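Note sheet for the following structure.
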Amino acid sequence: KLRVAILPDNPGWSTLGTDNDYHGIDADIARLLAESLGVELEFQNTDGAGRVPMIQSDKADVVIACLTATNERAKSVAFTDPYASGGIIGLCKSDHVLQSWDLEGKKISVARGSINDTFATDNFKTAEIVRFDAIADAFTALRAGKVDVLLEDVTTVNDLAASNDDVDVMPVNTQQSSYMCMAV
């Protein structure tokens, strides 16, 4: 059996559908990995901050959850070669799309422990960083008007914008290009 830690609410990468099955890039890669090993696949839900601890606590054999390899994380887990690339972009309400990366003084929604959280904290000193355990909660805060912008991976943001008429992607270049790796 291969126990894979996965995010259940990361559009484009992995979402748990109403059919009680996982959909997206990370879910497909997990299936291919289990198939190539000739073993049964078992998904384990996690959140952004819980990805590395899933390996450390032996609750998962591998994390396939839109995870960026960082020096800090590499102190605790090993990483595979990258399987995808991404970058950070902003998502706003359609009636108030921010036009630049000038986010000082804004309310920024992020998933706790994500590379987006670190980016916002390091780059927007006067912004209010509003952290959520789940991407879905960070998105709900945006839609409810509790924050000005959601920072997330470009794949997730584009998927959310394509499936929700009330939000739009900021018309800016992505920031902090990164590579997604599996953690073991």
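Counting from 1, position 48 in the sequence shown corresponds to residue 49 in our numbering; the numbering is continuous, with no gaps.
Where a beta carbon is used, it is the ideal one built from N, C-alpha and C, also for glycine.
Being a predicted model, the structure only gives us computed values, none of them experimental.
Have a look at residue i and residue j and give me their C-alpha separation to the nearest angstrom.
i	j	result
serine 115	valine 148	17 Å
asparagine 11	glycine 49	10 Å
methionine 181	threonine 122	21 Å
proline 83	valine 170	25 Å
valine 185	glutamate 129	34 Å
serine 16	glycine 25	The question names serine, but residue 16 is threonine in the sequence shown. Those two C-alpha atoms are separated by around 7 Å.
lysine 94	leucine 151	9 Å
serine 110	alanine 79	29 Å
isoleucine 136	tyrosine 23	16 Å
threonine 81	aspartate 118	23 Å
aspartate 167	alanine 61	37 Å
threonine 127	alanine 112	19 Å
methionine 183	threonine 71	12 Å
glycine 146	alanine 85	32 Å
Taking residue i as the reference, which of the options has the closest Cα?
i	options	result
arginine 144	His97, Ala128 and Thr175	His97
arginine 4	Asp166, Leu99 and Ala28	Ala28
alanine 6	Glu43, Asp22 and Asp20	Glu43
glutamine 176	Phe120, Asp22 and Val64	Phe120
alanine 162	Phe140, Met183 and Asn174	Phe140
asparagine 174	Gln100, Asp134 and Thr19	Gln100
phenylalanine 125	Ser110, Ala137 and Gly106	Gly106
lysine 2	Val63, Phe133, Ile109 and Ala79	Val63
aspartate 59	Ser77, Glu73 and Arg32	Ser77
isoleucine 65	Ala75, Ser179 and Gln45	Gln45
aspartate 134	Thr47, Arg32, Ile30 and Ala31	Thr47
What did DSSP end up calling residue i once you bin it into helix, strand or coil?
i	result
leucine 68	strand
glutamine 100	coil
arginine 52	helix
asparagine 46	strand
asparagine 11	strand
alanine 61	coil
glutamate 129	strand
arginine 4	strand
glutamate 36	helix
glutamate 73	helix
aspartate 167	coil
With a threshold of 16 other CB atoms inside 10 Å of the CB of residue i, please say whether the residue is buried or exposed.
i	result
leucine 34	buried
proline 9	buried
glycine 13	buried
isoleucine 19	One detail in the question is off: residue 19 reads as threonine in this sequence, not isoleucine. It counts as exposed.
serine 179	buried
threonine 69	buried
alanine 31	buried
Is the segment 31-49 touching the segment 144-163 in the sense that three or more CB pairs, one from each, lie closer than 8 Å?
no
Taking contact to mean at least 3 C-beta pairs separated by less than 8 Å, is the segment 84-96 in contact with the segment 49-60?
no
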